[in-house]
Amino acid sequence: MSTSGQGIWGFTPLDKVQLTHARTQHTKKLNGPECRLLTVLLANQGKVVSKQELMANVWPNRVVSEGSLTQSIAQLRLAFGDSGKEQKYIKTVPHQGYLLFANVVELVERPHASTSGTAYLGAAKPHPDVGQRETTLPQRLGGVKGLLVMVLMLVTGIQTADVVHRYTFAWGVAKPTWQHADHLDTTYFYQDEPASRQLYHYLSDPTAGLQNGPIHQLLIAATRHHYSVSCVYGDVNQAKNLTFVLGERFDVIATHVDRACRSARSS
41 MSTSGQGIWG
51 FTPLDKVQLT
61 HARTQHTKKL
71 NGPECRLLTV
81 LLANQGKVVS
91 KQELMANVWP
101 NRVVSEGSLT
111 QSIAQLRLAF
121 GDSGKEQKYI
131 KTVPHQGYLL
141 FANVVELVER
151 PHASTSGTAY
161 LGAAKPHPDV
171 GQRETTLPQR
181 LGGVKGLLVM
191 VLMLVTGIQT
201 ADVVHRYTFA
211 WGVAKPTWQH
221 ADHLDTTYFY
231 QDEPASRQLY
241 HYLSDPTAGL
251 QNGPIHQLLI
261 AATRHHYSVS
271 CVYGDVNQAK
281 NLTFVLGERF
291 DVIATHVDRA
301 CRSARSS
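Residue numbers (the numbering used here): 41 to 307.
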């Protein structure tokens with residue numbers, strides 16, 4: 041089965057209510073796992089995504105059974121008004137995984153989005169000691185699919201009520217400001233606030249040992265209680281998300297990031 045024409049549901053992953061029906065304007069709210077699940081499926085719409093890949097992205101660094109995935113698929117279908125019998129939106133591919141039909145869900149541009157259609161992450165001002173420049177993160181990560189990966193990392197790593205409230209989705213993250221800097225083969229994206237800057241300066245230093253690894257991009261964010269670090273390696277389809285308590289030693293964080301991203305790259 042395939043569906044032509046415009047998407048039936050608009051999807052805004054970082055809004056409190058993430059699904060809006062294009063015709064009826066009926067809305068549906070998703071919980072964290074279902075939101076991350078739809079983000080991965082939408083990034084691969086029209087393609088089968090394996091159960092292993094889905095579980096790794098929806099529940100990073102956790103051991104879950106296929107029953108959890110089956111339940112989240114059922115809840116997502118329920119939000120769409122779909123079912124396992126009809127499979128109008130999400131198809132079960134036996135012994136493989138799941139497929140979201142193309143053109144049934146669209147990533148929605150918010151009304152205040154940039155007219156250029158790109159996602160601006162605040163007014164990033166150059167910082168003289170690292171030589172970063174104003175940038176649009178989705179362009180660096182490869183268009184809409186890169187944006188979906190970025191959104192997945194944000195939703196996965198920092199989806200707590202106080203933080204989600206600070207984010208607005210305008211084809212990207214409008215607040216807080218993000219900065220970026222290139223060091224050898226790695227591009228670092230970090231929130232322009234003290235905790236994230238301090239961790240960025242440590243991880244970007246050659247003594248941290250991350251420069252010679254497989255990491256292409258490293259995203260660093262801080263909440264009230266946690267650091268969220270996401271490494272992008274290979275292409276934009278491959279990412280690893282890690283969370284650390286805010287008081288964790290930076291050398292411990294560097295060791296875990298290096299180990300997790302190297303092992304993910306080799307797997």
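Note that beta-carbon positions come from the ideal geometry of N, C-alpha and C, so glycine has one too. This one's a predicted model, so the numbers in the text were calculated from it and none came from an experiment.
Item to check | C-beta contact flag for C271 and V292 at 9 angstroms | outcome: no
Item to check | L77 versus T64, L116, L54, residue with shortest Cα-Cα distance | outcome: L116
Checklist entry - S112 to E106, Cα distance in whole Å? => result 10 angstroms
Checklist entry - Just checking my contact of Y230 with F290 at CB under 8 angstroms: how many whole Å lie between their CB atoms? => result About 13 angstroms; that fails the 8 angstroms criterion.
Item to check | For Y138, the three-state DSSP class (helix, strand or coil) | outcome: strand
Item to check | N- and C-terminal bounds of the beta strand (DSSP E) containing L147 | outcome: 145-147
Checklist entry - What residue from Q127, T263, G72, H256 has the CA that sits closest to W99's CA? => result G72
Checklist entry - In chain order, which continuous runs of the alpha helix (DSSP H) of length 4 or greater are located wholly inside the segment 253-302? => result none
Checklist entry - Under the three-state reduction of DSSP, which class applies to L59: helix, strand or coil? => result strand
Item to check | Cα-Cα separation, A235 to A262 | outcome: 6 angstroms
Next on the checklist: I need the DSSP call for K128, collapsed to helix, strand or coil.
Outcome noted: coil
Checklist entry - Between the C-alpha atoms of L140 and N281, what's the straight-line distance to the nearest angstrom? => result 23 angstroms
Checklist entry - Counting along the chain, where does the alpha helix (DSSP H) carrying T79 start and finish? => result 72-83
Next on the checklist: Taking 8 angstroms as the cut-off, is the C-beta of K68 nearer than that to any heavy atom in the ligand MN?
Outcome noted: The model depicted lacks the ligand MN and carries no ligand whatsoever.
Checklist entry - How would you write the range of the alpha helix (DSSP H) that Q111 sits in, first residue to last? => result 106-120
Checklist entry - For H66, does the three-state DSSP call read helix, strand or coil? => result coil
Checklist entry - Taking just the CA atoms, how far does L286 sit from D245? => result 20 angstroms
Checklist entry - What distance in whole Å lies between the Cβ atoms of I260 and Y240, which are believed to be in contact at a cut-off of 8 angstroms? => result 5 angstroms
Next on the checklist: Quick check: the Cα distance between L224 and L258, rounded to an integer number of angstroms?
Outcome noted: 13 angstroms
Checklist entry - Thinking C-beta only, is G124 closer than 9 angstroms to S90? => result no
Checklist entry - In or out: T295 buried (at least 16 other Cβ within 10 Å) or exposed? => result exposed
Checklist entry - Does the Cβ-Cβ distance between E146 and F284 come in under 9 angstroms? => result no
Checklist entry - Where does V98 fall in DSSP's three states? => result helix
Checklist entry - Excluding the five sequence neighbours on either side, which residues of its own chain have a C-beta within less than 6 angstroms of the C-beta of V88, listed in chain order? => result V133, Q136, G137, L139
Next on the checklist: If contacts are defined as beta-carbon pairs under 8 angstroms, then L94 and V80 qualify, I think. What distance do you get, rounded to the angstrom?
Outcome noted: 6 angstroms
Item to check | With 16 other Cβ atoms within 10 Å as the buried cut-off, status of T227 | outcome: buried
Next on the checklist: Considering just the uninterrupted stretch of the beta strand (DSSP E) at A221, what are its terminal residues?
Outcome noted: 218-223
Checklist entry - Just how far apart, CA to CA, sit G86 and T247? => result 43 angstroms
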